[in-house]
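Report on the structure given below.
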Amino acid sequence: MLEIRDLHVKFHSRDREAVAGISLTIPDGEILGLVGESGSGKSVTAMSVAGLLPRKQCQLRGEILLDGADLLHADRAALRKLHGARVGVVFQEPMSAMDPLMRVGEQVGEALRIHTKLDAEQRRERVLSAMLAVELNDPEAIYRKYPHELSGGMLQRAMIAAAIITEPALLLLDEPTTALDVTIQAQILELLRRLNRERGISMLFISHNLNVVRKLCRSVAVMQRGQIVEAGDTEELFFHPRRPYTRRLVEAIPRVRRKGGAA
Ligand SMILES: Nc1ncnc2c1ncn2[C@@H]1O[C@H](COP(=O)(O)OP(=O)(O)OP(=O)(O)O)[C@@H](O)[C@H]1O
Ligand SMILES: [Mg+2]
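Residue numbers (the numbering used here): 1463 to 1725.
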């Protein structure tokens, strides 16, 4: 279970806090959607949990607990271990997240090299099976390819394989389908749903697209200016948004009928 308690993030270069005291919980096996306008602090929240914020450029306050272990105040060695093995991260642009000069298979297995004592052959086996788990068929061939040889959808599957290879309890997904076309987007969502169902991986799913959130997430939190302004059951929030801000977000979505069922 992930618990964020009163998290504050302030960049030294800014007057206003990027994250201004948010609290949220993701129970085991749940997918929480995180939505809100650009600059509201969604990515900074995810980066805080992932341990990826530049610590020298900002000040963090509060608690981030993963199964009770404090991710915010742990020492470096403990942190590396916790983050690398327990939290997987997938970002929007698979192409820029990958090293263009490194074979896809090696990149998918990178976390194993850092966090386990498996030898090269064992790592390779794990990579091939992770690739199959994300429906990259013919994993032997894909293993040898370079990122530019794969389509956007395949690359994003490879990123997801890399994120689940250490069998993390939690996946942080920051607009993982935004750069993909609609058909591929639907396939990736289905894949995430399956990983959640079959492996019980919990997820923080950041998106601008409330329709997408609605398909994947039972609960959702809405951020505005570094704070969570509304949170709860996704359907409830869709049909009965309490805050004017949430209402505007919902109204901004095309093709959603807010009375009775899906568009
Ligand atoms: N490294 C940084 N240094 C200074 N300010 C930053 C840094 N990273 C983010 N910010 C600021 O923190 C605030 C929150 O940014 P964040 O990236 O979390 O927004 P977001 O909700 O993810 O937006 P988007 O939907 O556009 O991705 C913004 O004001 C942003 O400019
Ligand atoms: Mg962002």
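Here a beta-carbon is modelled for each residue, glycine too, at the ideal position from N, C-alpha and C.
In this structure residue 1708 does not touch residue 1674 by the C-beta definition: roughly 16 angstroms separates them, more than the 8 angstroms allowed.
Taking 7 angstroms as the cut-off, the C-beta of residue 1517 does not count as close to any heavy atom of ligand 1. Residue 1652 and residue 1600 have their C-alpha atoms spaced approximately 20 angstroms apart. Among the bridge pairs identified by DSSP, residue 1521 is matched with 1472. Annotation for residue 1701: the continuous alpha helix (DSSP H) segment containing it runs 1696-1701. In this structure, ligand 1 has no non-hydrogen atom nearer than 7 angstroms to the beta-carbon of residue 1553.
For residue 1604, the enclosing alpha helix (DSSP H) begins and ends at 1601-1606.
Here residue 1560 really is in contact with residue 1609; their C-beta atoms are around 4 angstroms apart, less than 8 angstroms. Residues of the same chain with a CB within less than 7 angstroms of the CB of residue 1621, apart from the 5 flanking positions on each side, are 1552, 1556 and 1559 in chain order. Not one heavy atom of ligand 1 sits closer than 7 angstroms to the Cβ of residue 1681. Two segments are said to touch when three or more pairs of C-beta atoms, one from each, lie closer than 8 angstroms; by this definition the segment 1514-1530 touches the segment 1468-1476.
When 1491, 1478, 1593 and 1466 are compared, the shortest CA-CA separation from residue 1665 is found for 1491. Closest in alpha carbon position to residue 1615, among 1518, 1643 and 1634, is 1643. The closest heavy atom of ligand 1 lies 7 angstroms or more from the beta carbon of residue 1523. Counting C-beta pairs closer than 8 angstroms gives three or more between the segment 1680-1694 and the segment 1497-1508, which meets the contact rule. Secondary structure note for residue 1622: its alpha helix (DSSP H) is the uninterrupted segment 1614-1626. Your pair residue 1704 and residue 1692 checks out as a contact, with CB atoms roughly 6 angstroms apart and the cut at 8 angstroms.
Note: residue 1553 is not bridge-paired with any residue in the DSSP secondary-structure output. Distances taken from the Cβ of residue 1677 to the heavy atoms of ligand 2 include none shorter than 7 angstroms.
Minimum Cα-Cα distance from residue 1695 among the listed residues 1586, 1710, 1678 and 1706 corresponds to 1678. In the DSSP annotation of this structure, the continuous segment of the beta strand (DSSP E) that includes residue 1685 starts and ends at 1681-1686. In the three-state DSSP reduction, residue 1509 falls in the helix class (H, G or I). Cβ neighbours of residue 1464 within its own chain (closer than 6 angstroms, five residues either side excluded): 1488, 1528 and 1632. Cβ atoms of residue 1566 and residue 1533 stay farther apart than 8 angstroms, at about 29 angstroms. For residue 1567, the enclosing alpha helix (DSSP H) has its first and last residue at 1566-1570.
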